[in-house]
Amino acid sequence: MAGDWAVELHGVRKRYGRGRTAVHALRGIDLTLRRGSYTAVMGPSGSGKSTFLQCAAGLDRPTAGAVRLGGTEITGMKENKLTALRRTRIGFVFQAFNLLPSLTVEQNVVLPMRLAGHRPDRRGAAEVLARVGLADQARRRPGQLSGGQQQRVAIARALVTRPDVVFADEPTGALDTTTASEILALLRQSVDTQGATVVMVTHDPAAAAWADRVLFLADGEIIDHLDRDGAGPYSRGGTHPARTHVDRIAARMTSLTAARTHTGAARTEAAA
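Okay, so the sequence shown: first residue is 1 according to UniProt numbering, each after it adds one.
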């Protein structure tokens with residue numbers, strides 16, 4: 001049923017430029033992601049990961065194809081309506097946190113509501129801050145927090161409107177390993193206990209291992225995927241991905257990168 005899908009991409013293509021110098025960042029992506037799922041997207045540099053996220057989240061318009069979020073067609077939506085939709089039905093978590101330093105933690109969390117013209121829900125903000133372990137930090141400013149705490153604020157901001165989907169772009173890229181695991185566990189918890197839908201772009205196999213499914217992009221196409229196996233990918237009482245699962249993802253990435261390098265070399269030799 002259409003209502004079961006949080007994200008739908010049908011024949012999505014993205015081209016930059018024209019003629020012989022055109023860059024085909026996406027080459028016909030067909031994908032449906034179920035509500036309450038956690039998906040990681042990986043691929044070599046230049047594979048189309050960022051373009052995929054931008055088109056799926058309505059931050060960029062595809063050259064061809066259709067994108068639906070929560071059953072709503074956004075491809076041809078006017079910019080003002082698309083902006084309003086992003087503020088209320090999409091959550092974003094970025095590597096750089098993107099918090100406003102002059103606002104308090106609580107004010108940063110309710111900012112999407114204010115921008116959408118809605119009255120801030122302070123009770124909802126308090127609940128989501130408690131969920132990410134920052135119940136006692138609401139009146140502090142981002143500069144008074146650690147990097148991990150700032151990313152927790154960003155996650156709270158992404159979840160406060162109960163969006164159709166949360167898009168995370170390298171959310172742990174600026175964090176140490178221990179703090180990164182805490183942030184990934186929070187995203188995992190939001191899926192398992194709150195029914196959130198998370199789509200995360202990452203280069204890190206250890207981060208991708210927290211997801212239900214890992215998609216592998218190369219040259220603008222989804223060429224492989226890896227699902228969590230029935231035995232369960234978690235160790236340490238279910239708190240961290242098992243090393244074997246991380247290794248499987250890393251091996252797929254190594255194979256993908258090697259194949260892409262070989263193909264690129266062959267194309268260069270043929271053109272010489």
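Glycine is no exception: its CB is placed at the ideal position from the N, C-alpha and C atoms.
Collapsing the DSSP output to three states places H203 in coil.
In chain order, V198 place their CB closer than 6 Å to the CB of L187, counting only its own chain and leaving out the 5 sequence neighbours on each side. The continuous alpha helix (DSSP H) containing K49 extends over residues 49 to 56. Closest in alpha carbon position to T161, among P142, R114, L145, is R114.
Judged by their CB atoms, G91 and P163 are nearer to each other than the 7 Å cut-off.
Here W5 is bridged, per DSSP, to R34. If you check the CB distance, V93 and A185 do not come in under 7 Å. The Cβ-Cβ distance between A154 and L129 does not fall below 7 Å. Excluding sequence positions up to five before and after D30, its CB lies within less than 7 Å of the CB of L9, H10, G11, all in the same chain and listed in chain order. Each of R213, I222, D212, D204 was checked against the Cα of T254, and the nearest Cα belongs to D204.
Taking the Cα of M42 as reference, the smallest distance to any Cα among R35, T51, R34 is reached at T51. Runs of the alpha helix (DSSP H) spanning 4 or more residues and lying entirely within the region 64 to 124 occur at 79 to 89, 105 to 109, 111 to 115, in chain order. Counting of Cβ neighbours within 10 angstroms places Y16 among the exposed residues, the total staying below 16. Per the C-alpha coordinates, the member of L103, E79, V132, G148 positioned closest to T178 is G148. Per DSSP, L186 is one residue of the alpha helix (DSSP H) stretching across 177 to 194.
Contact check for I183 and Q151: beta-carbon distance about 5 Å, within the 8 Å limit, so the pair qualifies. By the C-beta density criterion, K14 is buried, having at least 16 other C-beta atoms within 10 angstroms.
Using a Cβ-Cβ distance cut-off of 8 Å, the region 93 to 112 and the region 45 to 60 are not in contact, since fewer than three pairs of beta carbons, one from each stretch, lie closer than that value. Taking the Cα of R35 as reference, the smallest distance to any Cα among R18, G58, V7, I74 is reached at V7.
D169 counts as buried, since at least 16 other C-beta atoms from the protein chains shown sit within 10 angstroms of its C-beta. By DSSP's assignment, I29 forms a beta bridge with V12. In the three-state scheme derived from DSSP, where H, G and I count as helix and E and B as strand, R162 is classed as coil.
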